[in-house]
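J.:
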Amino acid sequence: MHSKIYLDCTHTYNSELHTGIQRVVKNLVYNIKSVSKELDVEIYPVFLKKNEFYKFSEFPELAVTNPDKVTIKSKLKKTYKYCKNLAYKILPEKLGSLLDSPKLTI
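Per my numbering, residue 2 is the first one in the sequence shown, and the count goes up by one each step.
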């Protein structure tokens, strides 16, 4: 293996999100040895801190370091889901469908 890839994971490293791209990035890092072998390239996950990149081997458990952030995040998610469901019930069907896929025409 002569080629190297530095995978910038800064956003995923610093966030507590577990959606789409974050799951893909985390799975890639957790399986980096097999992916590197299959592609015949060395892959190094890195994150940016104070204008310098640092290598790492696993993502930090941010929820443990800041439990208040998780509590607020989960409360906001619940509030959002509640408001969205309420809007579906109150709004006419045509307006309610805009909540999922708004289409603007000019």
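Idealized CB from N, CA, C, for every residue including glycine. Computed from a predicted model, the values in this text were never measured in an experiment.
1. Quick check on T13: buried or exposed, where buried means 16 or more other Cβ atoms within 10 Å of its Cβ?
2. Is DSSP giving V30 helix, strand or coil here?
3. To the nearest angstrom, report how far apart L29 and I91 are at their CA atoms.
4. Just how far apart, CA to CA, sit S4 and K56?
5. Report the three-state DSSP secondary structure of L18 (helix, strand or coil).
T.: On the basis of the data shown:
1. buried
2. helix
3. 43 Å
4. 17 Å
5. coil
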